[in-house]
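Here the sequence shown is numbered in our numbering, starting from 123 and rising by one per residue. Beta carbons are placed, not taken as given, at the ideal position from N, Cα and C, and that holds for glycine. For reference, the structure discussed in these notes is given below.
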Amino acid sequence: MVITRSEALAAVMDAEEYQLDRQATALKRAGDWAGAIAALRRRKALLGEGWADDKLAKYLQQAGQFEEALQEIEWLVANSHAWAQGMFGHQPATVRQRQRAGFVSRVLEAGVLICKRAKRSAEQAAYQARADQYRRIVNQIEPLAAAASSQRLQALRQRPIA
123 MVITRSEALA AVMDAEEYQL DRQATALKRA GDWAGAIAAL RRRKALLGEG
173 WADDKLAKYL QQAGQFEEAL QEIEWLVANS HAWAQGMFGH QPATVRQRQR
223 AGFVSRVLEA GVLICKRAKR SAEQAAYQAR ADQYRRIVNQ IEPLAAAASS
273 QRLQALRQRP IA
């Protein structure tokens with residue numbers, strides 16, 4: 123059975139996690155922060171280790187729950203290894219490390235924004251320093267990851283088709 127791109131897109135759009143994300147956005151726009159946060163928490167529960175969205179942290183901060191927002195950022199950072207393994211486990215180690223470092227850098231940048239919005243300059247600086255550290259790791263590992271990906275692709279191309 124062949125699935126077309128439009129059929130695949132329709133399946134994703136009908137997925138419960140996608141619907142919960144849309145519901146959270148609609149509730150936020152309506153000013154129902156508690157409902158929006160609850161929808162995102164249900165979505166996070168559905169995705170488990172695959173959860174890689176900083177939206178919940180940002181919504182928590184906007185709802186006045188600063189500490190909970192930073193706890194969510196730290197959960198994302200702590201879970202980043204499992205996320206990278208789940209998403210890129212089939213790739214060379216350097217590719218997984220590069221993806222994880224990039225992901226953590228982006229999550230920490232969300233922490234910077236959350237702290238900036240809350241006017242918490244000390245925490246903002248700390249998150250910025252951590253994000254910068256991970257960005258440097260990305261820059262250092264990028265050439266290694268690119269080479270490993272290229273080697274893997276060449277090996278796959280040389281494999282005979284059965």
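In the structure shown, ALA148 adopts helical secondary structure according to DSSP, grouped into three states. A residue is called buried when at least 16 other Cβ atoms come within 10 angstroms of its Cβ; TYR140 does not meet this threshold and is exposed.
With fewer than three CB-CB distances shorter than 8 Å, the region 198-210 does not count as touching the region 150-161.
The alpha-carbon of GLN145 is positioned some 16 Å away from that of LYS180. Listed in chain order, the alpha helix (DSSP H) runs fully inside the region 183-228 are 188-200 and 202-210, counting runs of at least 4 residues. The count of Cβ pairs closer than 8 Å, one atom from the region 158-165 and one from the region 219-232, stays below three, leaving the stretches out of contact. Judged by DSSP secondary structure, ALA174 falls outside any alpha helix (DSSP H); it is assigned neither H nor E. Beyond the five residues adjoining it in sequence on each side, VAL226 comes within less than 7 Å, by CB distance, of VAL199, SER202 and TYR256 in the same chain, given in chain order. Take ALA253, set aside five residues on each side of it, and the residues of its chain with a beta-carbon closer than 7 Å to its own are SER227, LEU230, GLU231 and VAL234, in chain order. With respect to the 8 Å criterion, ALA137 and LEU149 are not classified as neighbours on the basis of their beta carbons. If the five residues before and after ILE259 are omitted, its C-beta is found closer than 7 Å to the C-beta atoms of ALA223, all from its own chain and listed in chain order. An exposed status is given to ALA251, since fewer than 16 other beta-carbon atoms sit within 10 Å of its beta-carbon.
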